[in-house]
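Down below is the structure, laid out as structure tokens.
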Amino acid sequence: MKYTISPSAWGAAFPVPAAVVDKHLKLAGAAQLKALLWLLRHSGEAADEAQIAKAIGQQKADTVDALHYWVECGILIAENTVDDVMPDSGINHTAQPASAVDCVHPQAPAAALPVLPAVRPSPEQVAARCAESKDIRYLFNEAQVKMGRTIGYDGQCTLLMLHDQYGLPVEVILMMIEYCVSSGVFSFSYIAKVGKDWGEKEIFDIVKADAVITALKNANTAWRKFAAQAHLNASPTSAQLKYIGIWTDEFGFDTDIIYIAYEEMANHCRSLSFPYMHKVLGNWHTAGIKTADQALKALADKQGARQNGARAKEPPSYDLDTFKRKSKEPPVYKKKEK
Numbered sequence: 000m001k002y003t004i005s006p007s008a009w010g011a012a013f014p015v016p017a018a019v020v021d022k023h024l025k026l027a028g029a030a031q032l033k034a035l036l037w038l039l040r041h042s043g044e045a046a047d048e049a050q051i052a053k054a055i056g057q058q059k060a061d062t063v064d065a066l067h068y069w070v071e072c073g074i075l076i077a078e079n080t081v082d083d084v085m086p087d088s089g090i091n092h093t094a095q096p097a098s099a100v101d102c103v104h105p106q107a108p109a110a111a112l113p114v115l116p117a118v119r120p121s122p123e124q125v126a127a128r129c130a131e132s133k134d135i136r137y138l139f140n141e142a143q144v145k146m147g148r149t150i151g152y153d154g155q156c157t158l159l160m161l162h163d164q165y166g167l168p169v170e171v172i173l174m175m176i177e178y179c180v181s182s183g184v185f186s187f188s189y190i191a192k193v194g195k196d197w198g199e200k201e202i203f204d205i206v207k208a209d210a211v212i213t214a215l216k217n218a219n220t221a222w223r224k225f226a227a228q229a230h231l232n233a234s235p236t237s238a239q240l241k242y243i244g245i246w247t248d249e250f251g252f253d254t255d256i257i258y259i260a261y262e263e264m265a266n267h268c269r270s271l272s273f274p275y276m277h278k279v280l281g282n283w284h285t286a287g288i289k290t291a292d293q294a295l296k297a298l299a300d301k302q303g304a305r306q307n308g309a310r311a312k313e314p315p316s317y318d319l320d321t322f323k324r325k326s327k328e329p330p331v332y333k334k335k336e337k
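In numbering that gives the first Met the number 0, the protein residues as written are 0 to 337.
In structure tokens form, the structure reads like this:
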């Protein structure tokens, strides 16, 4: 039997990129095709994931995964929202979730793993792996419990390829999912990204996985405390959390001394600059400075050294009381005088 489009159906039509049919028809899942078709039909309208999910009858997390597939294929372009934090010349402030490996201190370069291939296992292959391996069955069941929803074919493919291609053990994948859920970011595209990082870093046992998660949680805790002092409302980027992790774990600084470096940066920069703060804190670490009082004294000594005569004997402008007062007030950026 042959099929043709009814002439009456052409009354209302919209274009579809040829690559969708030529390259992705066999690879894309039902949710991915539904999401793309809805967007193509409403291409002139602004829509978020929740609206699209409702329209196509899918859960929001599944819809996010579906849209990310087309972004990675180059069919869609994701428009990111801008952070409330001022732009920084050295750090990307697009609000992207911090990878659970990005926040670990720099290590020796690891061999890069390829991204998960577009050709995924078929439903029959997934079912066969599930039938032959109790570990895979356990992985799928526990993932659904931790995520509070059914994972579907797309999710099963991602988890199966993380296990079979990246070599991540089941218990490590489940620890990764548990952290992602606790952080509020647990789309399968993000889980795949984190899994790739963990595979490259050879995080193949629960001890290493626990160390990574602990470092990330510590960095997030320090960020929240510092952000409250500095009146920053945006979520941290991967780069910012990496800096925070170095300052607190490697340098051994608390958020009070980090905030003093933030104020010093604000006195010299017209926009937020974590690299500038890193230079200040790195100098203090090299000089053996460990506390907020020592940092304030170092700044006062530096200021005093620049003065001469009677002005050099005046009380320094930096003191702990002023620091505590300023920590409760929003910072004021001043243009650097030429």
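Just so it is clear, CB atoms sit at the ideal spot from N, CA and C, and this is done for glycine as well.
Buried or exposed (CB count within 10 angstroms, at least 16 for buried), residue i
{"i": "Y137", "result": "exposed"}
{"i": "F273", "result": "buried"}
{"i": "T220", "result": "exposed"}
{"i": "Q124", "result": "exposed"}
{"i": "I135", "result": "buried"}
{"i": "P6", "result": "exposed"}
{"i": "E249", "result": "exposed"}
{"i": "P122", "result": "exposed"}
{"i": "W222", "result": "buried"}
{"i": "W197", "result": "buried"}
{"i": "G194", "result": "buried"}
{"i": "S181", "result": "exposed"}
{"i": "D87", "result": "Low confidence applies to D87: its pLDDT is 35, below 50, so where it sits in the model is not reliable, and the reading given next is rough at best. Its Cβ being crowded by 16 or more others within 10 Å, D87 is buried."}
{"i": "Q155", "result": "buried"}
{"i": "L295", "result": "buried"}
{"i": "K33", "result": "buried"}
{"i": "A97", "result": "Reliability fails at A97, whose pLDDT of 45 lies under 50, so the model's placement of it is uncertain and the value that follows must be treated cautiously. The residue in question, A97, is buried, as its Cβ has 16 or more Cβ neighbours within 10 Å."}
{"i": "R119", "result": "buried"}
{"i": "H104", "result": "Because H104 carries a pLDDT of 43, less than 50, the predicted location of this residue cannot be relied on, and the following value inherits that uncertainty. Flag for H104 reads exposed."}
{"i": "I288", "result": "buried"}
{"i": "D21", "result": "exposed"}
{"i": "D153", "result": "buried"}
{"i": "P108", "result": "Confidence at P108 is low in this model, with a pLDDT of 44, below 50, so its placement is unreliable and the value that follows should be read with caution. Per the 10 Å Cβ criterion, exposed."}
{"i": "T290", "result": "exposed"}
{"i": "M175", "result": "buried"}
{"i": "V144", "result": "exposed"}
{"i": "E201", "result": "exposed"}
{"i": "E44", "result": "exposed"}
{"i": "L24", "result": "exposed"}
{"i": "M264", "result": "buried"}
{"i": "Q306", "result": "exposed"}
{"i": "V169", "result": "buried"}
{"i": "V211", "result": "buried"}
{"i": "A27", "result": "buried"}
Spatial neighbours of residue i in its chain, beta-carbon cut-off 6 angstroms, leaving aside the 5 residues before and after
{"i": "V63", "result": "E48, S186"}
{"i": "T157", "result": "F187, A191"}
{"i": "V171", "result": "A208"}
{"i": "T3", "result": "none"}
{"i": "Q31", "result": "A65, Y68"}
{"i": "A226", "result": "none"}
{"i": "L161", "result": "L167, I172, G194"}
Contacting residues, own chain, Cβ-Cβ under 7 angstroms from residue i (five flanking each side not counted)
{"i": "A260", "result": "M276, V279, L280"}
{"i": "A11", "result": "none"}
{"i": "P16", "result": "I74"}
{"i": "A52", "result": "Q58, K59, T62"}
{"i": "W9", "result": "none"}
{"i": "R40", "result": "F13"}
{"i": "W246", "result": "F252, I257, L280"}
{"i": "G166", "result": "G198, F203"}
{"i": "E141", "result": "L173"}
{"i": "K224", "result": "T254"}
{"i": "E177", "result": "K145"}
{"i": "W37", "result": "I51, A54, I55"}
Given residue i as reference, the closest of the options once Cα atoms are compared
{"i": "N217", "options": "S42, T285, G244", "result": "G244"}
{"i": "C72", "options": "A208, A18, F252", "result": "A18"}
{"i": "Q57", "options": "L295, M264, L35, I256", "result": "L35"}
{"i": "H67", "options": "Q293, K301, P235, Y189", "result": "Y189"}
{"i": "I205", "options": "Q293, L173, L215", "result": "L173"}
{"i": "A29", "options": "I55, A142, H267", "result": "I55"}
{"i": "Q228", "options": "Q239, I256, I212", "result": "I256"}
{"i": "E131", "options": "A291, L159, G147, P235", "result": "L159"}
{"i": "D253", "options": "W37, Q293, S234", "result": "Q293"}
{"i": "G183", "options": "V211, G147, G151, H267", "result": "G147"}
{"i": "W283", "options": "K301, W37, H230, I212", "result": "K301"}
Cβ neighbours of residue i in the same chain (closer than 8 angstroms, five flanking residues each side left out)
{"i": "S42", "result": "F13"}
{"i": "C179", "result": "A99, F185, Y189, I190, V193"}
{"i": "D163", "result": "R128"}
heavy atom of the ligand NAD below 7 angstroms from residue i C-beta
{"i": "V125", "result": "In the structure on display, the ligand NAD does not appear, and there are no ligands present to speak of."}
- Query: Taking the runs of the beta strand (DSSP E) that are 3 residues or longer, which of them lie wholly in the segment 210-286?
  - Reply: none
- Message: What ranges does the alpha helix (DSSP H) occupy inside the segment 171-212, keeping only unbroken runs of at least 4 residues that lie completely in it?
- Response: 187-199
- Query: At what residue ranges does the segment 14-65 contain a whole run of the alpha helix (DSSP H), taking only runs of 4 or more?
  - Reply: 17-23, 29-40, 48-55
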